[in-house]
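In this note's numbering, the protein residues as written are 36 to 816.
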C-alpha cells in the first residue's frame, strides 16, 4: 500500500512563510517544525514560500506552529482560507518582485557608475605595482578600458584618491542599507538562532570587503605602515549585491509564472452574479449569493456559481476544468460549474455549492496543496543543504589561510575567500525540485490532470502496470438493457419490474440501467423493504411481499438459486460482451437481464499509448469473464481478471505489487476506492464519485483514458527535469567552489573576482528555474 496521505494521519494546515531565500532557510524551518511535539509531518517549500504541516490538534495548536516558525527567524501568519491564501501569496509575490526589480535596477546602475569611479584608483594601484598584472582581467582593464575612460572622463582622473574613495564609500553604504538591508537582517537573525543560510554567505563576503575598504578610506596610513596596499573594493560590494538582487528578481519572476495556472483559475470566477429573487433581477457580489438562489446566465457569460439548471439549454465550454475545448450541451437537470463559459443559450440555475465548497475553489486548494508538497527526491538536496553553509564558511577560511601563507598577499587571499562565499549560494539546490513540481502540476491542470503533490508525481513516473476498471472507465459507464429473458411462469415485463424495484436502491451502474429501462417502459415499481446489497455481487429485497434477489451467478448460488435453466442463453449473451443480471423471486429463477455498455471512443488509443510507454495493461472487473474479454479485445487489452469483488480487486493489486510491479489503478466508482488507495498510484476518472476522487493520487478531469498516458508522460519528463536540476546544482558548486578558491591561478594566472562569482551564482539559480519552466511547453497530446 502506498504511503498514507498526510491528511489521513492528522489535521492539515498550510502556513505562508516569509523571508526564505535558499535551501538552507527551507531546511531550518522544516527541521524546527518536525521537532515540534504533535507534528506528524512538515514539508517546507521554498518556491511557494509555505509550510504544509500535518499535526495532531490535541497536542499542538496552529498558533503554536506559527510561533515555532517565527522562532527560527522567519515570518509566518495563519491563513484565513485556502483561496485567500492563494490571493494573498500572489499579491505578496507580485509586490516582492516589483520591489526586488527596482532595487536591482538601481543597484546595477550605481554599480556601473562605481566601476567607472573606481578606475582611477585601480589604475594607480596597478601602475604602482601594488597588484598583479598577470591577472587577465586586470591586464585588459589597464590596456583597454583605462585609456578609454581617461579620454572620456579626464576630470575623474583629476580627483584625489581620497575624494574618490569617500564617494564610493557613500554609494556602497547606501546600496548595502537600502537595497541589501534585508540580506544583512536575515543573516543576523539566522546567526541569533544559531543557523546559517545564503544571506550568511553574502553578508560575510560583502561585509569583509566593505570593512577592509572602509579602513583603507578612513585610515590609509594603517595599511601603509604594515606594507599592505590600501585598496578599496567598494565596486565589488555594490555589484555583488546588485547581481544577487538580479538573481532574486529573476527567481521571483519565475515564481509568478509557475503559479500562473492557479491565478488563471481564480480569475475565471466572476465577481458578480445576476440573481432572481421574487420578480426582481439584481446583480450581487458573489459573496452574497446564497444556496438555493436562482441565477440567470446569459449567452457568452461565465457561469458565476456551481448549480443545477432549472430552465433553458445551452452549450457550455468546460475547458477550464477538463482541457477539452468542445462545448458540452447542458439542459434542465444538468449540473454546471462556476467559472465555465456559457455558449449561445440562456438559462437559469439554482445555486448549490458556494465559496470554498465550489468545484473551482476545491481545485485551487488541491493545486495549491500539490504545489506546496515535496517529492521524495528532494530529501537529498535537503540533507546536503542542512550542513552546506557551515562547510562553505570553513572552506572560505581555509582558502584565505592558504593564500596568505603561500602567497603572502592579503588582498589576493581576501578576494579568493570572498569569491568562495559568494559563489556557493545554495539557492539552486533549494529550487531544483519545487520549481519542477510547481510547473508540472500547473501544466497537468491545464491538460485536465489534477496531480496531488510531488510524491504522487514521482511515483507515477515509475508505473509499469496500469490496471483498469471496466464499467465507467474503459466503457462509457452508461449501460443499457438490451435483452430480458424470462423463465417459465414469468414474462419479460414482470422480470424487469421485479429487478428494477429492488435495483432502484442500488448505486451500481447496472442497477441504474435496469431501473431506467423499467421507467422508460412505464412499468410499475415498488420501493423494496429489507434491502441489502453486496458490492460487485448483487442486491436483495422484499417487493410486494416477494423476496427478490438480483445479481451475478455467484450471488444466486449464495441464495441457493439454480441458474442452470438459463446457462446456455447466458453463455451466448456473454460471448457478445453483455453484462448479465440474474433475477430470482422467492428462491426461483425468474429470468435474466442482459446489459450492454459501449467502449469509450478513446479507450483503444489510450491502451495503445500505454503500451508504447512500456506499461502492461490489465482489465480488472467484477463482471463475468466473457463480457470482460469482449471489452478487453475491443480496447486492445491482453490480460483480463474478471469476476472479482471489491475486496478481490484489492487482493489483485496487492498481488501485483508483491511481484515487484509499480501499479496504477484507474477507476471511477465507490467499489474502486479501496483498490485506488492500495495501488502505488490511484487514478480517478473525474466523472466518478467524490469518494473515488478522494482516494486517488491523480484525477482525470474529463472521462478520457488518454489522461493516464498523459499523466505518466508528464511525470517521467518532470523527474528527468528534477534530476537535471539537481545535477547542475551540485555540479555547479562542485566545480565553482574550487575555481573561486583559486584552483586555476597556478596554471592560468586567473583568480575569479567576487563580481564574476556573484554573476555565476545568480545564473545557477536562474538556469534551474528556466529549465523547470520548459515543462510549461510540454506537449501531452
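Cβ atoms here follow ideal geometry from the backbone N, Cα and C, with glycine treated the same way.
Restricting to Cα atoms, I'd like to know which of 626, 624, 619 and 631 is closest to residue 611. For the purposes of this step, residue 611 is taken as the residue at position 576 of the chain shown. For residue 611, the nearest C-alpha among the options comes from 631.
Within this structure, are the beta carbons of residue 618 and residue 608 separated by less than 8 Å? Counted from its first residue, the chain shown places residue 618 at position 583. Counted from its first residue, the chain shown places residue 608 at position 573. No.
Quick one: what's residue 365 bridged to in DSSP? Your numbering for residue 365 matches position 330 in the chain shown. Beta-bridge pairing links residue 365 to 349.
Alpha-carbon to alpha-carbon, residue 155 and residue 164: Locating residue 164 in the chain shown gives position 129, counting from the first residue. Locating residue 155 in the chain shown gives position 120, counting from the first residue. Low per-residue confidence applies at residue 164: pLDDT is 48, beneath 50, and the placement is therefore not dependable enough to give any value.
Cutoff 7 Å; reference residue 727; Cβ partners in own chain excluding five residues on either side: For this step, residue 727 is matched to residue 692 along the chain shown. With a pLDDT of 47 at residue 727, under the threshold of 50, the modelled position of this residue cannot be trusted, and the question is left open.
If you reduce the DSSP assignment to three classes, tell me which class residue 567 lands in. If you number the chain shown from 1, residue 567 lands on position 532. DSSP places residue 567 in strand when its eight states are reduced to three.
Range of the contiguous beta strand (DSSP E) that encloses residue 623: Translated into positions along the chain shown, residue 623 becomes position 588. Unbroken beta strand (DSSP E) run through residue 623: 623-631.
Return the CA-CA distance between residue 815 and residue 80, expressed in angstroms with no decimal places. Translated into positions along the chain shown, residue 815 becomes position 780. Translated into positions along the chain shown, residue 80 becomes position 45. Rounded to whole angstroms, residue 815 to residue 80 spans 27 Å at the Cα level.
Inspect the beta-carbon positions of residue 537 and residue 514 and report whether they are closer than 8 Å. Taking the first residue of the chain shown as position 1, residue 537 is located at position 502. Taking the first residue of the chain shown as position 1, residue 514 is located at position 479. No; because the gap between Cβ atoms is not below 8 Å, this pair is not in contact.
Thinking C-alpha only, which one of 255, 228, 181 and 189 is nearest residue 197? By one-based count along the chain shown, residue 197 stands at place 162. The shortest Cα separation from residue 197 among 255, 228, 181 and 189 belongs to 255.
Which listed residue (657, 748 and 668) has its alpha carbon closest to that of residue 680: In the chain shown, counting from the first residue as 1, residue 680 sits at position 645. Ranking 657, 748 and 668 by Cα distance to residue 680 puts 657 first.
Residues in its own chain within less than 7 Å of residue 447 by CB, not counting five upstream and five downstream? The residue labelled residue 447 in the question sits at position 412 within the chain shown. So the list reads 438 and 786, once near-sequence residues are dropped.
Inspect the CB distances between the region 550-557 and the region 524-542 and report whether three or more fall short of 8 Å. yes
Option nearest residue 64 by Cα separation, candidates 73, 85 and 75: Locating residue 64 in the chain shown gives position 29, counting from the first residue. The shortest C-alpha separation from residue 64 is found at 85.
Environment of residue 505 [buried if 16+ CB atoms lie within 10 Å]: Indexing the chain shown from 1 puts residue 505 at position 470. Flag for residue 505 reads buried.
Inter-residue spacing [alpha-carbon to alpha-carbon] between residue 519 and residue 625: Locating residue 519 in the chain shown gives position 484, where the first residue counts as 1. Locating residue 625 in the chain shown gives position 590, where the first residue counts as 1. Roughly 11 Å between the two C-alpha positions.
Count Cβ pairs between the region 228-238 and the region 212-220 that sit closer than 8 Å; are there 3 or more? yes
Buried or exposed for residue 317, going by 16 or more other Cβ atoms inside 10 Å? Taking the first residue of the chain shown as 1, we reach residue 317 at position 282. Its Cβ having fewer than 16 others within 10 Å, residue 317 is exposed.
Please return the same chain residues whose Cβ sits closer than 7 Å to the Cβ of residue 545, not counting the five positions on each side in sequence. Counting from one through the chain shown, the residue named residue 545 turns up at place 510. Contacts found: 514, 614, 616 and 630.
Alpha carbon to alpha carbon, how far is residue 366 from residue 346? What you label residue 366 is simply residue 331 of the chain shown in a count that begins at 1. What you label residue 346 is simply residue 311 of the chain shown in a count that begins at 1. For residue 366 and residue 346, the distance between alpha carbons rounds to 7 Å.
Between residue 773 and the rest of its own chain, which residues show a CB-CB distance below 8 Å, the 5 nearest in sequence each way excluded? The sequence position of residue 773 within the chain shown is 738, counting from 1. There are no such residues.
According to DSSP, is residue 443 helix, strand or coil? Here residue 443 corresponds to residue number 408 of the chain shown, with the count starting at 1. DSSP places residue 443 in coil when its eight states are reduced to three.
Give, in chain order, every unbroken run of the beta strand (DSSP E) that is at least 3 residues long and sits entirely within the region 605-691. 614-620, 623-631, 651-655 and 674-676
Quick one, which of 765, 60 and 744 has its alpha-carbon nearest residue 819's? Residue 819 lies beyond the range of the chain shown here (36 to 816); nothing can be said about it.
Drop a sphere of 10 angstroms on the beta-carbon of residue 559, count the other beta-carbons inside from all chains shown, and report buried for 16 or more, exposed for fewer. Here the question's residue 559 lines up with position 524 in the chain shown. Residue 559 comes out exposed.
Between 397, 354, 393 and 698, which has its C-alpha nearest residue 377's C-alpha? Counting from 1 along the chain shown, the entry for residue 377 is found at position 342. The residue with the shortest Cα to Cα distance from residue 377 is 354.
So what's residue 456 in DSSP terms, helix, strand or just coil? Indexing the chain shown from 1 puts residue 456 at position 421. Note: residue 456 maps to helix in three-state DSSP.
Quick one: does residue 798 have its CB under 8 Å from some CB of chain B? Among the chains in the structure shown there is no chain B, since it carries only a single protein chain.
Would you say residue 670 and residue 509 are within 8 Å of each other, going by their C-beta atoms? Within the chain shown, residue 670 is the residue found at index 635, counting from 1. Within the chain shown, residue 509 is the residue found at index 474, counting from 1. Going by C-beta atoms, residue 670 is nearer than 8 Å to residue 509.
Excluding sequence positions up to five away, which residues of its chain have a Cβ less than 8 Å from the Cβ of residue 659? Along the chain shown, read from residue 1 onward, the residue named residue 659 stands at position 624. Correct list, in chain order: 587, 588, 609, 614, 615, 677 and 678.
Cβ-based burial, residue 494 [other Cβ within 10 Å; buried from 16]: Start at 1 with the first residue of the chain shown, and residue 494 comes out as number 459. That one is buried.
Does DSSP classify residue 343 as helix, strand or coil? Within the chain shown, residue 343 is the residue found at index 308, counting from 1. DSSP places residue 343 in strand when its eight states are reduced to three.
Where residue 622 and residue 584 are concerned, what is the direct C-alpha to C-alpha distance, given to the nearest angstrom? Counted from its first residue, the chain shown places residue 622 at position 587. Counted from its first residue, the chain shown places residue 584 at position 549. Going from the Cα of residue 622 to the Cα of residue 584 covers about 8 Å.
Less than 6 Å between C-beta atoms, sequence neighbours within five positions excluded: which residues of the same chain meet that for residue 651? Here residue 651 corresponds to residue number 616 of the chain shown, with the count starting at 1. Same-chain partners within the cutoff: 500.
Contact under 8 Å by Cβ, residue 267 with residue 252: As a position in the chain shown, residue 267 is number 232, starting the count at 1. As a position in the chain shown, residue 252 is number 217, starting the count at 1. Yes.
Candidates 370, 462 and 131: closest to residue 393 by CA position: In the chain shown, residue 393 corresponds to position 358, counting from 1. Ranking 370, 462 and 131 by Cα distance to residue 393 puts 370 first.
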